Amino acid sequence: MNEDLSEASLMPHQPRKLRLLYEPLCLLYTLSQVRGDRIKPSEILQEEPGLTGPKGYRAFVDAIAYICAYRKEAGYVTAVALEETPNEIVILLAANNDIDNKVISLLEIVHRILSWVISNHTVRLGEKEGQKVLKFLVDCVLSLNAPKIFQYYQQVNRTVSLVMDRLRTESTLKVLRLRADLDSIIKLRAWFAANLSKDGIPLQESDMAILALSSYSDRELFKALHNHAGNAEQTRNFERLFKLLYKLGKHVAQCKRLILATIGLRSQLARGLRIETINGSPEKRITLMARTCNIQMISNRMFSVTAQRERFLRQLQQIYLEDDLDRVLSRDLCKSKTRVHAELLVLDHFEQTQGRFLFEQDRYIGCSKPACYLCHLFISCHPGHYATPPSHQKLYMSWRLPDIQASGSNAAIRYRDQQDILSRMTDTVRRNLRNDIATNAGRRMNHADSTAGGTSTIIDIESDLISSTANLSFEEFRETIDLQYRDDPDSRNSVVDPVFPPLSNSSSPVKTAQRLTVMMNPQSAA
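In structure tokens form, the structure reads like this:
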């Protein structure tokens, strides 16, 4: 975490104004954490085919973010953008917590792979060299991401148990009108039996790489789940299983998209790459006081007109008992601790530095998960014309605005912009709350988040890396990496597959300058 941001050095917003946002948010949260339907990614219109231009940019940053978020916990959510500088392209990364050492080790390998692809203009994914480099990348990524894939596997097992009886019964199979549908269900059942256990014993975390590859290569089989007809709960279970099975192989798909996007962006990335990580934010207590966080006092602050306030309270009491709601507000929500989410850490970096995106017409920040309700609202209200991200529309009370250090770059401008954003967000939240209460809106069904700033830590990449690999075949490229580990005993403790270990400290392209706060020793990441 960024420990340089002491409370005395920050430019805080008035607690009263923050409470005007957080208090109605508390009521919205108690009504339903899900604040609306999912918001899908916006379409990019461009004439060029494939993953080039802004489409390629989005695919690139989304893929990097996804493969770096190797656990499902909230602290590992990762955001990425490409910044154009005079001398190189900077891959900016931030996580809800700091980018940890295991991710740094993976990024060293990823950088070398992408640099080789950029410098070798004849490499295509459909050809032999392209397939080799894709396998190299996939092996590295799957090894690091085994914990996350294993969690999906456990969810798959639980969901399969809910649908298998339905898939076994003859009456269910008879409702499938076409013989092809019946055959696909039989093949799917056989896939479950062959891939979700070994000799009847559940798989372990070490088995996840093989499972991910099988899930990706056999993903067409999963479409059989769409042919199922049943009641609403059964249909939800089949749809959930379909999505989870695709998630098992999603890392492979993202590796493929990353290579394709790198090929499509060769001309833009040819100047060289540098990787820069942004420190996570320290946790802070939410700006709410238990003694004033109750329905009566919140409604007094929301409505200056007595008739409006009384109508709001009557409508609210039809949904919740006032005493019960007051207990939730004072006991739970007022004790929340907040942090700045990853995508806002990246956004605030651009606000501090006035940096340029690789494609200024598409100021998009990729993330390993769709944005939450408040991040989506913040970005939508921001005057910097950032691309509106996809969103799962869940409300998290642990959210807060980016911290502003008084001595930081453009501090006064950023503070003024945040005041305006805070006001617009508060108006929107109040409007949503009044609408929910007026329409007696029930709780929305919960769903998974994904379908799937601070002082920067600089990872300086050797400037001659691209030129030094430009004329190498893939085998020669691999040899340059393997030679660095042949006598390295630490490679056995690598976060990636022992066949493809990360670079040791002695030969790392990362300059471990004193300003680095993230250590590069792979052993310390265990």
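Just so we're aligned, residue -9 is where the sequence shown starts under my numbering, counting upward by one.
Even glycine gets a Cβ: it sits at the ideal position worked out from N, Cα and C.
These numbers were taken from a predicted model, which means no experiment stands behind them.
Query: Cβ pair A69, A84 closer than 8 Å; Result: yes
Query: Whole-angstrom distance between E74 and R28, CA atom to CA atom; Result: 31 Å
Query: G356 in three-state terms, based on DSSP; Result: strand
Query: Residue closest to V146, alpha-carbon to alpha-carbon, out of F228, I175 and I94; Result: F228
Query: Coil, strand or helix - A55 by DSSP; Result: helix
Query: Strand pairing of K384, partner residues [DSSP]; Result: V24
Query: Beta carbon of A361 nearer than 8 Å to that of S381; Result: yes
Query: C-alpha gap between E119 and I81, whole angstroms; Result: 25 Å
Query: Cβ distance (whole Å) where V131 is taken to contact C16 below 8 Å; Result: About 40 Å; that fails the 8 Å criterion.
Query: Nearest-angstrom beta carbon gap, V295 and R390 [assumed within contact, 8 Å]; Result: 31 Å between Cβ atoms; not a contact.
Query: Separation of S105 from I276, as counted between CA atoms; Result: 43 Å
Query: Run of the beta strand (DSSP E) containing A71, from where it starts to where it stops; Result: T68 to E74
Query: Beta bridge counterpart(s) of R329 as assigned by DSSP; Result: W389
Query: Nearest-angstrom Cα separation, counted from L335 out to D88; Result: 11 Å
Query: Which residues DSSP lists as bridging K188, in chain order; Result: I191
Query: Residue range of the beta strand (DSSP E) that includes L83; Result: I79 to A85
Query: Of the residues V318, G374, F340 and L337, the one placed nearest L18, counting alpha carbons only; Result: V318
Query: Residue ranges of each beta strand (DSSP E) within the stretch 258 to 292, 3 or longer; Result: 263 to 268
Query: Where K7 falls, given that 16 or more other Cβ within 10 Å makes a residue buried; Result: exposed
Query: Exposure label - Q383; buried when at least 16 CB within 10 Å; Result: buried
Query: Cβ neighbours of V128 in the same chain (closer than 6 Å, five flanking residues each side left out); Result: V242 and C245
Query: Secondary structure of R346, DSSP reduced to three states; Result: strand
Query: Buried or exposed (CB count within 10 angstroms, at least 16 for buried), S187; Result: exposed
Query: Environment of S174 [buried if 16+ CB atoms lie within 10 Å]; Result: buried
Query: Beta-carbon proximity of I260 to I108, cut-off 8 Å; Result: Note that residue 260 corresponds to Ala in the displayed sequence, not to Ile. Yes, the Cβ-Cβ distance between A260 and I108 is below 8 Å.
Query: Euclidean distance between Cα positions of Q224 and E341; Result: 47 Å
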